[in-house]
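Chemist: Here's a structure for you.
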């Protein structure tokens, strides 16, 4: 996996008590967001979405394999994100959680997941 954090100039705020970055510069511009809160929210959303994304195609069908691949990719990104949290790398954690959720959204739009939650999924 590519390390996207090299594009960012990161500065730790004096107000941070948990070791996560609270000020992030992208190409010299401050990105206004509480990174710690965003990482926690995206992790929770992906965890919940993984629990609700039920594979819908029948066994032994091509679309079943597609659904399994999409869900495995999402799980892998979730696990990578958790690794980055433990490594105190919130930028890459957020990227992983975002990509993981994108795989589930794509599967929901494609119809390979049986979902009915229009907050967690783009349906």
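In UniProt numbering, the protein residues as written are 1 to 123. Where is the CB? At the ideal position from N, CA and C, for every residue including glycine.
#1: Looking only at C-alpha atoms, which of 112, 66, 106, 82 sits nearest to residue 42?
#2: Once DSSP output is grouped into helix, strand and coil, what is the label at residue 54?
#3: Mapping the DSSP letters down to three states, classify residue 105 as helix, strand or coil.
#4: Compute the distance between the beta-carbons of residue 52 and residue 97, then report whether it is under 9 angstroms.
#5: When DSSP labels each residue in this structure, what does residue 21 get in the three-state scheme?
#6: Take the Cβ of residue 112 as the centre, count every other Cβ of all protein chains shown within 10 Å, and call the residue buried at 16 or more, exposed below.
#7: In terms of residues, what are the limits of the alpha helix (DSSP H) holding residue 81?
#8: According to the neighbour-count rule (16 or more other Cβ atoms, all chains shown, within 10 Å of its Cβ), is residue 90 buried or exposed?
Modeler: Let me lay it out:
#1: 82
#2: strand
#3: helix
#4: no
#5: Because residue 21 sits at a pLDDT of 48, beneath the cut-off of 50, its placement in the model cannot be relied upon, and the following sentence gives the value as read from the coordinates. Coil at residue 21, not helix or strand.
#6: buried
#7: 62 to 86
#8: buried
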